[in-house]
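Asks: Pasting in a structure now, in structure tokens, and then I'll have a few things to ask.
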Ligand code: GLC
Ligand code: CA
């Protein structure tokens, strides 16, 4: 079955992802419908009205495939199935229908790089050198090949090679030693993974968040990341997705790399004259901006805009039909891989004083506890996130300031059950509490009695209602998804200031977006009140309108424009371009 082709990729409608607000959620943690203590698709379907109310227009589902779940489902045992704990393929189809009926899109995780060691491909591959699956994985008779490749899970793994007694050989793995890497040099592997992509997209899925894409190929004398062979495969993947479905399916890259390397994952997305492209063709529609994320936290703690301004200055422009995915927190540790040693030490010192808060090269905490439950900091960081060039990706529970549990292993402390109300198990499940896949947060500050959706829904001053208003404002301001960014440099370095406007090269589709033509963002990164003087002379005569409350501010005159901001205060002003 071939779904109907979508409109050409240049229209604003086909570029829906540039103005989406994406909500990341693990089915397991969201809502348990059958009462077995594990969240499931029926539970999620039941909660779609909530997500619609919140204003989310795209859901990203963490892996829900059959899996021994030693890496929370990223260790996949069958790419074409649904883990029975989460439901059936029928349930999944119903979720797609119900989401689409509410105008919401659904992305799923696509794990190309590796499988679980329980996958039948690996079981067959290890069973005999003659197996037709042998070459689907990467084998060696020693553990010395590709020595330049770094270890990613530094807390658990000592090598990227593990000896398999059954195969009598070492196999290659960039992540856990129970997650053998697929061998992308094997054409049958490439075809099998494209078949997986078609299988889910044929069902009506809107796209994928593509896990760990830099690591698909290995070559001697390289770090085995971002190789030309990897880009060539990803270009092929994109081309075949576009051919089969027209333009509106979306591929979002998880490439935890420096900006100059990440932009290559956009390829030259049907924008031959555009910047940031690669001659060989388009790859991803979207890619996460990993280096920006820790610098948002750094800037707030240092009370200085420099970390943000610097990393954005190092970020090359990307084609207009591409987009950054921006996030504060996700299901993994707050990764510090894209930091210098000095920056990493600073982040650990400020945000991970208890060694339990560290994991691998990162910090395993949620948004609210990281900023000591400071509502003002949470707001400011969201306001920056929502006004930077990119599409915001929210992590379930952060919209109400959920807490974490650093006493759970691995990254499980940020994957605890969603807190819906004050009923048993926070309304997540009717199972006896000891049967839940993970305990709810107990800490009095963050427990479900204190922090839950129902309570915050009723409280017009809650973080939840504030977050919803921010999402609504963002939806009314498509410019924020399309425009370029220009930083202003007022003398007070504690204040972050930038303009968002369409570039001169904007296409007709970009020019046709409704709403403000120019947004001025002013944010106080400091815990104390600040005054700032801005050179806005080019807007002389205009009356800035503050976008959160709608108030008119004094007209812009010839001199410096004076503003004052409370601790972590912020404004978005609408101006004429
Ligand atoms: C990605 C996922 C992470 C997982 C890893 C290995 O980084 O975000 O959760 O452990 O890939 O699949
Ligand atoms: Ca269940």
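Numbering (the numbering used here), first residue to last: 3 to 579.
Here a beta-carbon is modelled for each residue, glycine too, at the ideal position from N, C-alpha and C.
Count the other CB atoms, across all protein chains shown, that sit within 10 Å of the CB of residue 371; report buried if there are 16 or more and exposed otherwise.
Replies: buried
Asks: For residue 96, which residues from the same chain have a beta carbon less than 7 Å from its beta carbon, with the 5 sequence-adjacent residues on both sides left out?
Replies: 47
Asks: Could you compute how far the alpha carbon of residue 399 sits from the alpha carbon of residue 222?
Replies: For residue 399 and residue 222, the distance between alpha carbons rounds to 43 Å.
Asks: Please enumerate, following chain order, all residues with a beta carbon closer than 5 Å to at least one heavy atom belonging to ligand 1.
Replies: After applying the 5 Å Cβ criterion, the set is 73, 76, 177, 213, 214 and 334.
Asks: Note the first and the last residue of the continuous alpha helix (DSSP H) segment covering residue 481.
Replies: Start and end: 481–484.
Asks: Quick check: what's the CA-CA separation for residue 457 versus residue 191?
Replies: 49 Å
Asks: Give me the Cβ distance between residue 24 and residue 393, rounded to the nearest whole Å; I'm assuming they're in contact under 8 Å.
Replies: Taking the Cβ atoms as the reference, residue 24 lies roughly 6 Å from residue 393, within the contact range of under 8 Å.
Asks: Looking at C-alpha atoms only, which residue of 14, 29 and 21 is the closest neighbour of residue 418?
Replies: 29
Asks: Let me know the alpha helix (DSSP H) ranges lying completely inside the stretch 359–426, each 4 residues or longer, listed in chain order.
Replies: 369–372 and 377–389
Asks: Report yes if the CB atom of residue 550 is closer than 7 Å to the CB atom of residue 476, and no otherwise.
Replies: no
Asks: Near ligand 2, which residues have their beta-carbon closer than 5 Å to a heavy atom?
Replies: 34, 36, 38, 40 and 42
Asks: If we ignore side chains and look at the alpha-carbon of each, how far apart do residue 236 and residue 285 end up?
Replies: 6 Å
Asks: Taking Cβ to Cβ, would you say residue 124 is nearer than 7 Å to residue 155?
Replies: no
Asks: Exposed or buried, which one is residue 479 when buried takes at least 16 other CB atoms within 10 Å?
Replies: Label assigned to residue 479: buried.
Asks: Distance, Cα to Cα, residue 573 vs residue 92?
Replies: 46 Å
Asks: Give me the DSSP bridge partner(s) of residue 548.
Replies: 575
Asks: Are there 16 or more other CB atoms within 10 angstroms of the CB of residue 566, so buried, or fewer, so exposed?
Replies: exposed
Asks: Excluding the 5 residues flanking residue 470 on each side, which residues of the same chain have their C-beta closer than 7 Å to its C-beta?
Replies: Here the set comprises 56 and 57.
Asks: Is DSSP giving residue 497 helix, strand or coil here?
Replies: If DSSP states are grouped into helix, strand and coil, residue 497 belongs with the strands.
Asks: Report buried or exposed for residue 170, applying the criterion of at least 16 other Cβ atoms within 10 angstroms of its Cβ.
Replies: exposed
Asks: Between residue 323 and residue 17, how many whole angstroms is the CB-CB distance? I'm expecting something under 8 Å.
Replies: The Cβ separation is near 6 Å, so the contact holds.
Asks: Three-state secondary structure (DSSP) at residue 525?
Replies: strand
Asks: In the DSSP output, what is residue 449 paired with across the bridge?
Replies: For residue 449, which the question treats as bridged, DSSP gives no partner whatsoever.
Asks: Where residue 14 and residue 508 are concerned, what is the direct C-alpha to C-alpha distance, given to the nearest angstrom?
Replies: 12 Å
Asks: Mind checking residue 167: buried by the 16 CB within 10 Å criterion, or exposed?
Replies: exposed
Asks: By DSSP's criteria, residue 111 is part of a beta bridge. Which residues make up the other side?
Replies: 211
Asks: Which whole-angstrom value describes the C-beta separation of residue 527 and residue 305, a residue pair presumed to lie in contact below a C-beta threshold of 8 Å?
Replies: 5 Å
Asks: Assign residue 373 to buried or exposed, taking buried as 16 or more other Cβ atoms, counted over all protein chains shown, within 10 Å of its Cβ.
Replies: buried
Asks: By alpha-carbon positions, which one of 76, 120 and 503 ends up nearest to residue 576?
Replies: 503
Asks: Quick one: grab the DSSP three-state call for residue 325.
Replies: strand
Asks: Is it buried or exposed, residue 274, if we count other Cβ atoms within 10 angstroms and call 16 or more buried?
Replies: Its pLDDT being 42, under 50, residue 274 is placed unreliably by the model, and the measurement read from it follows with that caveat. So residue 274 ends up on the exposed side.
Asks: According to DSSP, is residue 503 helix, strand or coil?
Replies: strand
Asks: What three-state label does DSSP hand residue 29 in the structure shown?
Replies: helix
Asks: What are the complete beta strand (DSSP E) segments, minimum 3 residues, inside the stretch 73–105?
Replies: none
Asks: Does residue 122 come within less than 7 Å of chain C when only Cβ atoms are used?
Replies: Absent from the structure: chain C. Only one protein chain is present.
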